[in-house]
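Residue numbers (the working numbering): 123 to 591.
We put the CB at the ideal spot given by N, CA and C, even for glycine.
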């Protein structure tokens, strides 16, 4: 915007208390910044955005897992029914007692046993998950019209499944490292990998006493390799099944809570005003390209709350399948080493503890998932933007676009009211200095739900810099 800026609008407006900034025959009002400063839509297929979102997702996952590392190890010990920690599962303070004993006998390193494998797995896992979600969401939800809960759920589920395909062997290694509780030996990544690779289930005995069909089945099973890389995919099927509700509900809940926090009534308290934008692009936008406008960014408390609620909902919906998966993953470390199916594992859990067996460690899960998912979404939303983007936005002027005379009149009156209050001389040489308070008045009107409503009264989108507050 040139040096005359918003003051020029006052010069060109007709006199009168309700003089309007724009002609009556113009149904729309546009107050634009120069083309060089205009906000461009995000291109989610650009290499820069792909690398940025992948790196941000990986860092978010590492930060989240580090925060809950000790709780994660205790939860795995409870889920997998480790004999040394089974006595703690029925106590309200079992988690604290278990962590105290681990610290007593193994030190701080014991609380983070398997954490190196966790970080090795979670960086690509979280990076792929967030990256896949952004890309899949851009295809399944190209605009506001198609943004339904079902499409959000499918986008999150497909993103979770995609990440699991590439990182599951690292998850098996992490669980086995965390499951180890031998105090007279030190677990190492290479030793665990060799152990998993060479594990074999016991060969069936007394084939002569079996019927011909069972004998033939056993012979066929012995002919199929039971060791090697296939051991790194134990529990893969229930993982895929569990990822459908977990990732789907996680992203769905997070986006839904975010929409609630972005409602005009709550936005002044939950949204960073320097990033306030509309969710929908202008009507003339070419929607064939995967380009979207930035949504308003939530402030820290709102972002953490939405992430925590998302974690609670997703954890509850997928926890039984997670217990089955853990039991299958440690199948080579306990029992006779027989590789159980999903149904066999579920039946064994039911016979041992009933329906409560499918929710063993859920309390730890809740305690762990609140800070973990909240941290994950918070770090991701804060790190996926370029380092200089926020500073650059602070130097940009406001951008308002309205489509109804009601919006035009409301903003016009606000501008003149503020100008009169400040006793600004629009014809003086201080026109440029007068722009900042005028834009501040526009910003305040835009956050007034009674004057302008994003969905029903024509406001398309609004940006404003933090210096204007």
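Here residue 392 has 383, 384, 420, 421, 423 and 424 as same chain residues with Cβ atoms under 8 Å from its own Cβ, once five neighbours each way along the sequence are excluded. Per DSSP, reduced to three states, the secondary structure at residue 265 is coil, with no helix or strand assignment.
Counting only residues of its own chain and dropping the five nearest sequence neighbours on each side, residue 437 has a CB closer than 7 Å to the CB of 487, 488 and 491. Contact between residue 196 and residue 230 does not hold, since their C-beta atoms are separated by about 14 Å, which reaches or exceeds 8 Å. Counting C-beta pairs with one atom in each stretch, the segment 357-377 and the segment 278-286 have three or more that are closer than 8 Å, which means they touch. When secondary structure is reduced to three states using DSSP, residue 420 falls in the strand class. The segment 289-303 and the segment 236-247 touch, with three or more beta-carbon pairs separated by less than 8 Å. In the structure shown, the three-state DSSP call for residue 393 is strand. For the options 255, 258 and 479, the alpha carbon positioned closest to that of residue 449 is the one of 479. In terms of Cα proximity to residue 443, the closest of 271, 199, 360 and 227 is 360.
Nearest Cα to residue 505 within the set 165, 171 and 466: 171. Residues 277, 278, 281 and 373 of the same chain have their beta carbon placed closer than 7 Å to that of residue 255, with the five preceding and five following residues left out of the count. Taking the Cα of residue 272 as reference, the smallest distance to any Cα among 375, 184 and 199 is reached at 375. With contact defined as three or more Cβ pairs closer than 8 Å, the segment 464-473 and the segment 425-435 are not in contact. Of the candidates 446, 186, 198 and 318, 446 places its Cα closest to the Cα of residue 477. Comparing C-alpha distances from residue 300 to each of 184, 417, 198 and 167 shows the shortest one belongs to 198. Cβ atoms of residue 186 and residue 497 come within 8 Å of each other, at about 4 Å. Within its own chain, the residues whose Cβ lies closer than 7 Å to the Cβ of residue 440, once the five positions on either side in sequence are excluded, are 364, 367 and 368, listed in chain order. The beta carbon of residue 379 sits closer than 6 Å to those of 428 and 431, all from its chain and outside the five residues before and after it, given in chain order. For residue 320, the uninterrupted alpha helix (DSSP H) segment begins and ends at 311-320.
As the crow flies, the alpha-carbon of residue 394 is around 22 Å from that of residue 493. Excluding residues up to 5 positions away in sequence, 172, 175, 176 and 179 lie with their Cβ nearer than 7 Å to the Cβ of residue 253 in the same chain. When the beta-carbon positions are compared, residue 215 and residue 246 stay at least 8 Å from each other. For residue 169, the number of other beta carbons within 10 angstroms of its own is below 16, and it is reported as exposed. Straight across, the Cα-Cα distance linking residue 263 with residue 483 is about 36 Å. C-alpha of residue 316 to C-alpha of residue 353: approximately 11 Å in a straight line. Spanning the alpha carbons of residue 390 and residue 370 requires a straight line of approximately 29 Å. Per DSSP, residue 173 is one residue of the alpha helix (DSSP H) stretching across 169-189. For residue 243, the three-state secondary structure derived from DSSP is helix. Here residue 490 carries a helix assignment [DSSP, helix/strand/coil]. The DSSP-derived three-state label of residue 237 is helix.
DSSP places residue 276 inside the alpha helix (DSSP H), whose first and last residues are 271-301.
A distance below 7 Å between beta-carbons, with the five flanking residues on each side excluded, links residue 221 to the following residues of its chain, in chain order: 192, 196 and 233. Only exposed fits residue 350, as fewer than 16 other CB atoms lie within 10 angstroms of its CB. Taking the CA atoms as reference points, residue 181 sits about 11 Å from residue 499. Rounded to whole angstroms, the gap between the alpha carbons of residue 318 and residue 261 is 39 Å.
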